[in-house]
Amino acid sequence: AERDRRRFPARPLTLVESGRPCGGDMRVERLQLENYRGFASLDVTFAATGPTVFIGENGSGKSSIMRALEAWIRQFDGVSGFESADVRIGAERFDLQLTNAVDGESFLWGARSYNAHTFGVQERLTTPERSTHGEERFNALARAIGATRKAVARPRVEPIDDPKRIVVLRHLLDWFRRTEDLENEVRLNDDPAHRNPELEAVRRALSTFASALPDFTIGRPRFSRVGQWANDGRGTFLLDKGDTTLGFDQLSDGESFVILLVADMARRLAEPRRSDDQPDPLQRPGILLIDEIDQHLHPRWQRAILPALGATFPNVQVIATTHSPTVVGSLPAANVVRLKDFQVVPTPHTYGRDSTTILEDVMGLPAHPTDIQRRLDDLARLIDADDLRGARAALDQLADVLGADAPEVTRYDTTLALLGEG
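In structure tokens, the structure reads:
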């Protein structure tokens, strides 16, 4: 059971909070792996600004990189993040080196794990002697949480003691309920204008994020114990979506995912610090890992989610994976790392390109299904052979499938008209 608890979820969502004791920048700069899972050797540099998004076919190594990053983060919570299965088959050990910057100063961390069949799993985190003075500071800066995307798939507010409840959602709603109760008590007994600063950070984060997403209007996150919830002492979590009030469990998977993501991050960034020169918790730095960021999201939201996260948490480094050409097209090539067969390969231009072009030129996927591509190839061959009548018949059949207004159909229709086959 303990081993299962230590295993990575299928789609990890991890936040590293920083801002204690200093409020400066914190970013992952470089990751080097040797004999880690499918990687014989990997050396990847992360974007200097903005998010870093990994793309590639299934099995190309994206999730392995996320696992390695999460394992590194978990070390600072005293949790064993690595396991014998991380060692590449045929190797005796794996090596990991990660370079990150805190307030502009680089730290180099190393981990080595030996095959369980030889010496058992052994791990060590190392820093260069020159950075020893900063190790305590960095340990104070880093803390990790873990959740799964499955956790967000069908969230429920109740029952709170259901053993299948997701930990992150349960903790968030428990925290929101308790903190809102305290806020209301102060407002009732002492100061009617009182607002809890941590709750205000969550409310402000949700408002900022929602304003950056198209067609997403939410407001007044709160617990209610009146009306249909009058007999339930715990109440239920409500939000206003436009003119409609909805419970959290009435939201779509995409809505519940982004709300949980943003609210939980804001809550953790807003936790009181022993010393912090950043009065605005949403300006604090951190690192967020999201595997398959596009899942459950409409393409319009896929295009907007990374800019929306950047607008809400400007100093949080987002590291994500995606299969969505829409997500890729929202980023410059410098922010996209393309993997193929456990190797980094060059990324062509991405920003602003249409999804079809990205599918073809960046993701290596044909623009059309095999059957349609075969029909198009046959049509081109008929035109090359000057069989215009046959080409017209083939085009009419293609129009029945794609529609007369499909770009491919109109293009070939124009070509045939110019060649005299109207």
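Sequential numbering from 68 applies to the sequence shown in our numbering.
By construction, the Cβ of each residue, glycine as well, lies at the ideal position given by its N, Cα and C atoms.
Computed from a prediction, not measured in an experiment: that's the story for all the values here.
Please report the residue range of the beta strand (DSSP E) in which residue i lies.
| i | result |
| --- | --- |
| residue 288 | 285-291 |
| residue 384 | 383-388 |
| residue 108 | 106-112 |
| residue 120 | 119-122 |
| residue 93 | 93-103 |
| residue 406 | 403-407 |
| residue 160 | 160-169 |
| residue 355 | 353-357 |
| residue 429 | Run containing residue 429: none; DSSP gives neither H nor E here. |
State the start and end residues of the unbroken alpha helix (DSSP H) segment that holds residue i.
| i | result |
| --- | --- |
| residue 457 | 455-469 |
| residue 305 | Segment 303-308 is the beta strand (DSSP E) holding residue 305; no alpha helix (DSSP H) there. |
| residue 477 | 474-485 |
| residue 132 | 129-141 |
| residue 155 | No alpha helix (DSSP H) contains residue 155, which DSSP labels as neither H nor E. |
| residue 375 | 366-379 |
| residue 321 | 320-336 |
| residue 275 | 264-279 |
| residue 440 | 437-451 |
Where residue i and residue j are concerned, what is the direct C-alpha to C-alpha distance, given to the nearest angstrom?
| i | j | result |
| --- | --- | --- |
| residue 284 | residue 278 | 7 angstroms |
| residue 442 | residue 468 | 11 angstroms |
| residue 160 | residue 108 | 13 angstroms |
| residue 10 | residue 261 | Absent from the structure is residue 10, since the part of the chain shown begins at 68 and ends at 489. |
| residue 226 | residue 347 | Any reading at residue 226 must be qualified, since the residue scores a pLDDT of 29, below 50, and its modelled position is unreliable; the value itself is stated next. Going from the Cα of residue 226 to the Cα of residue 347 covers about 34 angstroms. |
| residue 87 | residue 349 | Low per-residue confidence applies at residue 87: pLDDT is 35, beneath 50, and the placement is therefore not dependable, though the value from the model is reported in the following sentence. Their Cα atoms are separated by approximately 14 angstroms. |
| residue 98 | residue 407 | 17 angstroms |
| residue 141 | residue 244 | 28 angstroms |
| residue 306 | residue 258 | 25 angstroms |
| residue 316 | residue 237 | 13 angstroms |
| residue 478 | residue 132 | 43 angstroms |
| residue 324 | residue 149 | 27 angstroms |
| residue 446 | residue 462 | 7 angstroms |
| residue 465 | residue 476 | 7 angstroms |
| residue 363 | residue 288 | 22 angstroms |
| residue 100 | residue 457 | 57 angstroms |
| residue 452 | residue 488 | 14 angstroms |
| residue 414 | residue 128 | 16 angstroms |
| residue 291 | residue 319 | 20 angstroms |
| residue 309 | residue 282 | 10 angstroms |
| residue 172 | residue 334 | 27 angstroms |
| residue 359 | residue 486 | 48 angstroms |
| residue 321 | residue 428 | 28 angstroms |
| residue 471 | residue 368 | 30 angstroms |
| residue 410 | residue 170 | 31 angstroms |
| residue 311 | residue 339 | 34 angstroms |
| residue 460 | residue 424 | 29 angstroms |
Find the nearest neighbour of residue i within the set the options, judged by alpha-carbon distance.
| i | options | result |
| --- | --- | --- |
| residue 426 | 408, 462, 389, 445 | 389 |
| residue 450 | 135, 483, 120 | 483 |
| residue 393 | 422, 381, 120 | 422 |
| residue 126 | 106, 447, 265 | 106 |
| residue 241 | 287, 303, 271 | 303 |
| residue 268 | 169, 152, 414, 246 | 246 |
| residue 124 | 135, 432, 164, 312 | 432 |
| residue 138 | 128, 163, 157 | 163 |
| residue 271 | 173, 455, 331, 360 | 331 |
| residue 134 | 104, 396, 155 | 104 |
| residue 381 | 329, 368, 473, 253 | 329 |
Decide if residue i is buried, meaning its Cβ has at least 16 other Cβ atoms within 10 Å, or exposed.
| i | result |
| --- | --- |
| residue 183 | Reliability of the predicted coordinates at residue 183 is poor, the pLDDT of 47 falling under 50, and the value obtained from them is presented with this limitation in mind. Counting Cβ neighbours within 10 Å, residue 183 comes out exposed, since fewer than 16 surround it. |
| residue 412 | exposed |
| residue 116 | exposed |
| residue 418 | exposed |
| residue 265 | buried |
| residue 481 | exposed |
| residue 118 | buried |
| residue 396 | buried |
| residue 256 | exposed |
| residue 440 | exposed |
| residue 153 | buried |
| residue 155 | buried |
| residue 136 | buried |
| residue 448 | exposed |
| residue 249 | exposed |
Using a threshold of 8 angstroms, state whether the C-beta atoms of residue i and residue j are closer than that.
| i | j | result |
| --- | --- | --- |
| residue 275 | residue 378 | yes |
| residue 375 | residue 280 | yes |
| residue 113 | residue 95 | yes |
| residue 434 | residue 416 | no |
| residue 436 | residue 93 | no |
| residue 404 | residue 111 | yes |
| residue 313 | residue 239 | no |
| residue 391 | residue 438 | no |
| residue 102 | residue 168 | no |
| residue 373 | residue 398 | yes |
Counting only beta-carbon separations shorter than 8 angstroms, does residue i have a partner in chain C?
| i | result |
| --- | --- |
| residue 346 | In summary, chain C is missing from the structure at hand, where a single protein chain is found. |
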